[in-house]
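Take the sequence shown: its letters are residues 1 to 322, numbered as in UniProt numbering.
Ideal Cβ placement from N, Cα and C applies to all residues, glycine included.
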Amino acid sequence: MRLIRGLTNLKRLSGQADSPLADGCVATIGNFDGVHLGHKTIIDQVKQKAAELDVPSVVMIFEPQPREFFQGADAPPRLMPFRQKFEALLAEGVDVVLCIRFDERFRRYSAMGFVEDVLIQGLAVRHLVVGDDFRFGCDRAGDFGLLEQVGQEHDFTVENTRTVTVEGERVSSTRVRNALNVNGLEEAERLLGHAYRIHGRIVYGRQLGRQIGAPTANILLHKMPALRGVYVVRARLETGEWRDGVANIGLRPTVDGKRPSLEVHLFDFAGTLYGQHLEVVFRHGLRDEVKFDSVDELRQQIARDFEHARAWLANNPATPET
């Protein structure tokens, strides 16, 4: 799979004879946050049509996501960071990911300017898969009808996305977030098609966990996570080895944490993991994040968390592929 970052690189690529987009493409557009069952159905639509036309499949995403640009800190929490999203799209067999920077300049793009510069000249799109409620361009002036109209003039077709439901309700990133917000890990798993997980690079922390007998692998989160609290987890190291453990995700209120982070204690592990990537699968909620009066009180609670986690794991063993 190829990653194209930004409109400048797209324009440069479109002028090359050996461009993977030389014969056009089948594309879809969206945030794809979580890459849930609904997203996977859309990707299947795109891949099927791309195979029929013998052209690449393209997923167009944005960084930051539009609501993050417009709402800032009030935007909904992300289900996954960019790298994890890219890896998930790769796993789904997408040929090209186009990541457009959503900034003030892009916000001012007119609907027709977007169609002409990005879809027609940049991607040479031959078929587009979007929802019938899709809006785009400055002031959200563009819609599904405009795409159909322009498509007739420029020889590309437009197809509506299929709706995927679970228990009678449409699958969406908002629904996944709402489930995670109330510790609904099983509900989130049904919507995602797998247990909820976060990937990230392990960084140096304050070493507080080591000082109180509970060393952790720390992952700095650039956005507020969709869930917060203490969880039983299963983590996969870069070596492919899986380990059970306990994770705290949130702001670490007892030590006046101001940036969101994910701290993972791996049971019966004594190695060094700094700089490595860790995949953390959330299996069971233990408790909410709490501000304790002292570090010693925190240490005692962590010991209880470990005890409860081991007891739960004894009755709920995981498969290596969790």
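Test item: CB-CB of residue i and residue j under 7 Å
i, j, result
"I61", "C25", "no"
"E289", "G229", "yes"
"R234", "A318", "yes"
"V58", "A27", "yes"
"G131", "A111", "no"
"G205", "I219", "no"
"P77", "F102", "no"
"K217", "L278", "As written in the sequence, residue 217 is Ala, which differs from the Lys given in the question. Contact: yes."
"V232", "R283", "yes"
"L192", "L227", "no"
Residue i versus residue j - alpha carbon distance
i, j, result
"T163", "R299", "48 Å"
"G250", "G240", "26 Å"
"G245", "V280", "10 Å"
"F114", "F267", "51 Å"
"N31", "A75", "13 Å"
"L146", "R105", "22 Å"
"T157", "L128", "6 Å"
"L262", "D155", "48 Å"
"T8", "A88", "25 Å"
"C138", "G122", "19 Å"
"I202", "G151", "46 Å"
"S19", "E52", "20 Å"
"Q301", "P225", "23 Å"
"F69", "D33", "15 Å"
"K223", "P81", "8 Å"
"E159", "F136", "16 Å"
"Q16", "R108", "28 Å"
Reduced DSSP secondary structure (H/G/I, E/B, other) of residue i
i, result
"P293", "Checking the sequence shown, residue 293 turns out to be Asp, not Pro. The answer is coil: DSSP assigns D293 none of H, G, I, E or B."
"P225", "strand"
"L21", "coil"
"R140", "helix"
"V118", "helix"
"R299", "helix"
"F70", "helix"
"R197", "strand"
"V35", "coil"
"R310", "helix"
"G6", "helix"
"S57", "strand"
"V182", "coil"
"S110", "coil"
To test your reading of the DSSP string, which unbroken beta strand (DSSP E) runs of 3 or more residues are found completely within the stretch 78-102?
96-101
Tell me, please, whether the stretch 260-274 touches the stretch 186-195 by the rule of three or more beta-carbon pairs shorter than 8 Å.
no
Inter-stretch contact at 8 Å, needing at least 3 Cβ pairs: the stretch 39-59 / the stretch 162-182
yes
Using 8 Å as the cut-off, can you tell me whether the stretch 43-54 makes contact with the stretch 89-103, which would need three or more C-beta pairs spanning the two stretches below that distance?
yes
Curious, which full-length beta strand (DSSP E) runs of at least 3 residues does the stretch 146-175 contain?
157-160
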